[in-house]
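Residue numbers 216 to 354, in my numbering, belong to the letters of the sequence shown in order. All C-beta atoms in this analysis are idealised placements derived from N, C-alpha and C, irrespective of residue type, glycine included. As the structure is a prediction and not an experimental result, all values here were calculated from the model. What follows is a single structure, written as structure tokens, with notes after it.
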Amino acid sequence: MDMTVVAYIAYLLVAVPLTVWVARTLGTNGFHFIKDVFDGDEQLAQAVNRLLQVGFYLLNFGFVTLWLRTGDDIGTARGVFETVAVKIGAVLLVLGILHVLNVIVLNGFRKRGRVVDARALGAMEPPQPRPGPYGPQPQ
């Protein structure tokens, strides 16, 4: 069997389960964070969590598929390991970057929601202009 095909098989046998495991772990553990972002609304949190997981799968499987091909001839077992290691390393970096971006975006929603909640409670009322005979007076 061609060693390049062996490298492709090894790469897919590692990359696909790795992507599934990361997506499931993030989905299970991220639900509580998403629920907090959406102020305890479980249905909305579950829906957003599923959408994020689908997007995660699409992006990662797309990357895994595009990254599958190699232009180098692989003739030895060492070449197989080196090629697969580089490819898996790239997949891990992409998984990590996407995870960090998800957390940053969700944390932004979370902070924005808390500011809106604080304004609703009157904690952050903007100063009101004083009325005058011709409209608000400059302060």
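{"Asked": "8 Å contact criterion, which residue 219 and residue 291 should meet: CB distance rounded", "Found": "Wrong, their Cβ atoms sit about 11 Å apart, outside the cutoff."}
{"Asked": "Residue 243: first and last residue of the uninterrupted alpha helix (DSSP H) it sits in", "Found": "218-252"}
{"Asked": "Unbroken alpha helix (DSSP H) run spanning residue 266, endpoints", "Found": "257-281"}
{"Asked": "For residue 251, the nearest candidate out of 232, 264 and 239 (CA to CA)", "Found": "264"}
{"Asked": "Rounded C-alpha distance that separates residue 266 from residue 273", "Found": "11 Å"}
{"Asked": "Pick from 324, 302 and 289 that is closest to residue 216, judged by C-alpha positions", "Found": "289"}
{"Asked": "Separation of residue 253 from residue 356, as counted between CA atoms", "Found": "Here the chain covers residues 216 to 354 and nothing more, so residue 356 does not appear."}
{"Asked": "Buried/exposed call for residue 234, threshold 16 Cβ in 10 Å", "Found": "buried"}
{"Asked": "Distance, residue 225 Cα to residue 212 Cα", "Found": "Beyond the ends of the chain as shown, which are 216 and 354, falls residue 212; an answer cannot be given."}
{"Asked": "Burial state of residue 326 (16 or more Cβ within 10 Å)", "Found": "exposed"}
{"Asked": "Residue nearest to residue 303 in terms of C-alpha spacing, selected from 281, 321 and 324", "Found": "281"}
{"Asked": "Spatial neighbours of residue 309 in its chain, beta-carbon cut-off 6 Å, leaving aside the 5 residues before and after", "Found": "278"}
{"Asked": "Nearest neighbour of residue 268, chosen from 313, 283 and 307 [CA to CA]", "Found": "313"}
{"Asked": "For residue 327, three-class secondary structure by DSSP", "Found": "helix"}
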